[in-house]
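With the first letter of the sequence shown counted as 1, position 195 gets the number 198 in my numbering; the numbers rise by one all the way through.
Below is one structure; the comments refer to it alone.
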Amino acid sequence: MPYSGKLISFEGVDGCGKSTQMALAAARLRQSGYNVVSTLEPGGTKVGQAIRELVLHSGAAELSPLAELALMFAARAQHISEIILPALNSGYVILCDRFTDSTFAYQGYGRGISLKVIADLENTLSQGLRPDLTLVLDIPPALAAKRTVDRNRSTEECPTRFEIEGLEFFSRVREGYLKISRREPQRISVIDGQGSIEEVHNRINQCIDAFLENQRPRTSNAI
4 MPYSGKLISF
14 EGVDGCGKST
24 QMALAAARLR
34 QSGYNVVSTL
44 EPGGTKVGQA
54 IRELVLHSGA
64 AELSPLAELA
74 LMFAARAQHI
84 SEIILPALNS
94 GYVILCDRFT
104 DSTFAYQGYG
114 RGISLKVIAD
124 LENTLSQGLR
134 PDLTLVLDIP
144 PALAAKRTVD
154 RNRSTEECPT
164 RFEIEGLEFF
174 SRVREGYLKI
184 SRREPQRISV
194 IDGQGSIEEV
204 HNRINQCIDA
214 FLENQRPRTS
224 NAI
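Shown next, in the form of structure tokens:
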């Protein structure tokens, strides 16, 4: 069915700056007159937020990769039904902090789960829904790790289950994102995440502006 709304996802390894950049993009789009929904995964709903706490909390370190995958898609299925599809039908621009590309990168390339298994779950539980535009903020894993450590020190927050992973894990995740982007260059733009917040913000603005200027209502494969 055709949707007048647009779904834009922000992706990248932990510490890449995507959450900060998404907030800036949302504020700018609202100032430009767009109706914007900002959301995140896992989360976005009461069910999703409960799953988020379970998946990200360091106390759940023994959660198996397949259990982690199942929880991610459970949160996403609820998120799509409760938040994303209604907003698309209402013509909103949805900015989402992570979507299915995170699952391919983290659980697929990072954890080693079959990409076919993930694709099959995506087709069923995500109803075939994919972002209209995906922005991957790309930075070296070592820099991302330093940013994460600095942030957690300043906020006195404990690291998540993912943030305690080593550089080898995040190198696989980063390479996964780059492989995905090479397969779908029409949908995915890789943004250099290095530099000042303003510099990265300007790079993102260029991509979003070009996308919105050239879009028409799209037809989804959603059931």
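In this text, a Cβ means the ideal position worked out from N, Cα and C, and glycines have one as well.
Predicted model only: the values in this text are computed from it and were never measured.
DSSP three-state label for Ile211, please. helix
Helix or strand or just coil, what does DSSP make of Glu85? helix
With distances taken from CA atoms, which of Leu66, Gly47, Thr137, Ile191 is nearest His82? Gly47
Thr151 by DSSP, collapsed to three states: which one? helix
Where does the unbroken beta strand (DSSP E) through Phe107 begin, and where does it stop? First-last for Phe107: undefined, no H or E at that position.
Give the range of the alpha helix (DSSP H) segment to which Asp123 is assigned. 118 to 128
In angstroms, rounded to a whole number, what distance separates the CA positions of Glu216 and Glu65? 46 Å
Answer yes or no: do Leu140 and Gln24 have a C-beta to C-beta separation smaller than 8 Å? yes
Note the first and the last residue of the continuous alpha helix (DSSP H) segment covering Val16. No alpha helix (DSSP H) holds Val16; DSSP gives it neither H nor E.
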